Amino acid sequence: MTMASVNRAPRPSSLADVLDVVLDKGIVIDAYVRVALVGIELLTIDARIVIASVDTYLRFAEAVNRLDLQPSEEATGLPGLIERMQEGGAKRKTRGALSGAGEKARDVMQSITGRGDDDEDEDDGDRDNGRRRDRGVPASRRAPSRS
Amino acid sequence: MLLVHGLLREHDRAVLDRVGGSVHPRAVAAAGLAAAVSEAPEHGLTGDDAVAHLDLLVALAADVPVLPLPLGTTAPDDDAVREEVLTPAADRLEQQLAAVAEYVELRLDLAFDTDAVVAEIARGNPEIERLAARSRARGAGLSERMALGEAVAELVADEEAVRTAQWTAELASIAERSAVLAADEQTRRTAYLVRREHLADADAAVARLRAAAEGVADVEYVGPLPVYSFLDDLPVGEQPTPRSRWGW
Numbered sequence: 005m006t007m008a009s010v011n012r013a014p015r016p017s018s019l020a021d022v023l024d025v026v027l028d029k030g031i032v033i034d035a036y037v038r039v040a041l042v043g044i045e046l047l048t049i050d051a052r053i054v055i056a057s058v059d060t061y062l063r064f065a066e067a068v069n070r071l072d073l074q075p076s077e078e079a080t081g082l083p084g085l086i087e088r089m090q091e092g093g094a095k096r097k098t099r100g101a102l103s104g105a106g107e108k109a110r111d112v113m114q115s116i117t118g119r120g121d122d123d124e125d126e127d128d129g130d131r132d133n134g135r136r137r138d139r140g141v142p143a144s145r146r147a148p149s150r151s
Numbered sequence: 017m018l019l020v021h022g023l024l025r026e027h028d029r030a031v032l033d034r035v036g037g038s039v040h041p042r043a044v045a046a047a048g049l050a051a052a053v054s055e056a057p058e059h060g061l062t063g064d065d066a067v068a069h070l071d072l073l074v075a076l077a078a079d080v081p082v083l084p085l086p087l088g089t090t091a092p093d094d095d096a097v098r099e100e101v102l103t104p105a106a107d108r109l110e111q112q113l114a115a116v117a118e119y120v121e122l123r124l125d126l127a128f129d130t131d132a133v134v135a136e137i138a139r140g141n142p143e144i145e146r147l148a149a150r151s152r153a154r155g156a157g158l159s160e161r162m163a164l165g166e167a168v169a170e171l172v173a174d175e176e177a178v179r180t181a182q183w184t185a186e187l188a189s190i191a192e193r194s195a196v197l198a199a200d201e202q203t204r205r206t207a208y209l210v211r212r213e214h215l216a217d218a219d220a221a222v223a224r225l226r227a228a229a230e231g232v233a234d235v236e237y238v239g240p241l242p243v244y245s246f247l248d249d250l251p252v253g254e255q256p257t258p259r260s261r262w263g264w
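Residue numbers (the working numbering), protein chains in the order written: chain Z, 5 to 151; chain Y, 17 to 264.
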């Protein structure tokens, strides 16, 4: 088997990484003078800037909130989103990430269910909107018992 | 003014006539050693000089043992190279050249897709879910978001360390030495001291590593470099059976 395609590079691809290799590493000779490094010190400092913890933490927090976690159950895409929409207004208000598709889903659900009771409608297939629900999003209401 | 790039055994000095690149090195020899030198530019060193310096050392290391010197190491003239660089430390330098003779250095940069890592570790984690809910609650502010981010950052670092150790285990077992050179919230840089004859094995291990990391981390694989990261911890004498001293 040839491994010529393993993509081993002879040296790092970026200048910052080249400098990381050569700038301070190697055999140090006692009697030596370092020649001026034009522009390199500044460049190296730029390359070595450590992202401040604050920025990192906020970025991770944002990444988590984009996930729209829900406690103790996994998000399951649009069906799961729709289920949560039915759970109550107060909980929904705390979920700032819901927008766009989520709002659209809520509108769809309101147009489909459009009522406060939600216990008997599985056997109530001859209601006006029952047919639309069967065609559109029945899985969302049955998801808990399936999973 | 001379730039001193690296040190060789004197009997390997002919290699300097064969290497290409923009440095155009020549040898200054004494005490069984040779220094690869070139004229220092008057204007100081630029990024291009840094690349040319490394390219020269990589080309030398491909053929012969070489001890790299830090970029910008200078000497006033040939005599200074002989008398202040080569001769005073000849014994130590000879030992180090002998120690690196069988080895090259390989490096791996793993650049993680942190969004993918965050998604994996955050889902189903009750503490993260609790902190996430708190950060989104009415009246929550910067401190709640920071608490969430800090907790996530810790888990991300742990996860990336575990993944790195798993993915690089085979390469580490091929290497004589391994080291973590740098680690931040996104990138992990590791180095490996590998016997020249095991380079193909290392390549095969990295090919498998790439497949395992696909979608989670980009892999940059560099080498063979002169030995940079293990100069203070070189194997002493002949090692009949290469063994890993992996550990982080």
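All residues carry an ideal CB built from backbone N, CA and C; glycine is no exception.
Computed from a predicted structure; not experimentally measured.
Selected residue, minimal CA-CA separation from residue i, among the options
i: glutamate 66(Z); options: Arg212(Y), Glu236(Y), Phe246(Y), Val134(Y); result: Val134(Y)
i: alanine 52(Y); options: Glu26(Y), His59(Y), Val67(Y); result: Glu26(Y)
i: glutamate 186(Y); options: His214(Y), Glu160(Y), Ala77(Y); result: His214(Y)
i: aspartate 94(Y); options: Val120(Y), Pro86(Y), Arg42(Y), Asn141(Y); result: Arg42(Y)
i: aspartate 28(Y); options: Val232(Y), Ala78(Y), Met17(Y), Leu250(Y); result: Ala78(Y)
i: valine 35(Y); options: Ala75(Y), Val67(Y), Val235(Y); result: Ala75(Y)
i: glutamate 192(Y); options: Arg211(Y), Thr180(Y), Thr184(Y); result: Arg211(Y)
i: valine 178(Y); options: Ala227(Y), Phe128(Y), Ala223(Y); result: Phe128(Y)
i: threonine 90(Y); options: Leu61(Y), Leu113(Y), Glu236(Y); result: Leu61(Y)
i: serine 17(Z); options: Asp64(Y), His59(Y), Leu49(Y), Arg152(Y); result: Asp64(Y)
i: isoleucine 33(Z); options: Ala45(Y), His21(Y), His59(Y), His40(Y); result: His21(Y)
i: valine 68(Z); options: Ile190(Y), Ser151(Y), Val232(Y); result: Ser151(Y)
i: glutamine 112(Y); options: Gly30(Z), Asp21(Z), Tyr61(Z), Arg70(Z); result: Gly30(Z)
i: aspartate 28(Z); options: Ala30(Y), Gly231(Y), Glu118(Y), Leu85(Y); result: Leu85(Y)
i: valine 232(Y); options: Trp183(Y), Ala207(Y), His59(Y), Val238(Y); result: Trp183(Y)
i: aspartate 248(Y); options: Arg108(Y), Ala45(Y), Val44(Y), Ala221(Y); result: Arg108(Y)
i: threonine 60(Z); options: Val238(Y), Ala221(Y), Arg224(Y), Asp131(Y); result: Asp131(Y)
i: phenylalanine 64(Z); options: Arg226(Y), Val222(Y), Glu136(Y); result: Glu136(Y)
i: leucine 225(Y); options: Glu118(Y), Thr180(Y), Arg139(Y); result: Thr180(Y)
i: alanine 56(Y); options: Gly140(Y), Pro92(Y), Ala156(Y); result: Pro92(Y)
i: proline 240(Y); options: Ala153(Y), Glu58(Y), Ala45(Y), Glu118(Y); result: Glu118(Y)
Residues that residue i bridges to, as DSSP identifies them
i: valine 238(Y); result: Ala13(Z), Arg123(Y)
i: alanine 195(Y); result: Ala207(Y)
i: leucine 23(Y); result: Ala51(Y), Leu83(Y)
i: alanine 43(Y); result: Ala52(Y)
i: serine 18(Y); result: The amino acid at residue 18(Y) is misidentified as serine; the sequence shows leucine. DSSP lists Glu55(Y), Ala91(Y) as partners of leucine 18(Y).
i: alanine 233(Y); result: Phe128(Y)
Cβ pair residue i, residue j closer than 9 Å
i: alanine 195(Y); j: phenylalanine 246(Y); result: yes
i: leucine 83(Y); j: leucine 18(Y); result: no
i: proline 81(Y); j: alanine 114(Y); result: yes
i: proline 251(Y); j: leucine 209(Y); result: yes
i: valine 58(Z); j: leucine 87(Y); result: no
i: alanine 13(Z); j: glutamate 175(Y); result: no
i: alanine 62(Z); j: methionine 162(Y); result: First, the residue type needs correcting, since residue 62(Z) is leucine and not alanine in the sequence shown. Yes, they are a contact pair.
i: valine 97(Y); j: proline 242(Y); result: no
i: leucine 171(Y); j: isoleucine 144(Y); result: yes
i: serine 54(Y); j: valine 31(Y); result: no
i: leucine 49(Y); j: glutamate 99(Y); result: no
i: valine 206(Y); j: leucine 126(Y); result: According to the sequence as given, residue 206(Y) is threonine; it is not valine. Yes; because the gap between Cβ atoms is below 9 Å, this pair is in contact.
i: arginine 15(Z); j: valine 222(Y); result: no
Q: With a floor of 4 residues, list each alpha helix (DSSP H) that falls wholly inside the segment 106-178 of chain Y, ordered by position along the chain.
A: Those alpha helix (DSSP H) runs which fall completely within the segment 106-178 of chain Y and span 4+ residues are 106-116, 130-138, 142-152.
Q. Would you call the segment 96-106 of chain Y and the segment 197-204 of chain Y in contact, with 3 or more CB pairs under 8 Å?
A. Flag = no, the segment 96-106 of chain Y and the segment 197-204 of chain Y do not touch.
Q. Does the segment 161-168 of chain Y touch the segment 208-227 of chain Y, meaning 3 or more C-beta pairs lie closer than 8 Å?
A. In this structure the segment 208-227 of chain Y does not lie against the segment 161-168 of chain Y, because fewer than three pairs of beta carbons, one per stretch, are closer than 8 Å.
Q. Does the segment 114-124 of chain Y come close enough to the segment 52-71 of chain Y to have 3 or more Cβ pairs within less than 8 Å?
A. At 8 Å Cβ cutoff, the stretches do not touch.
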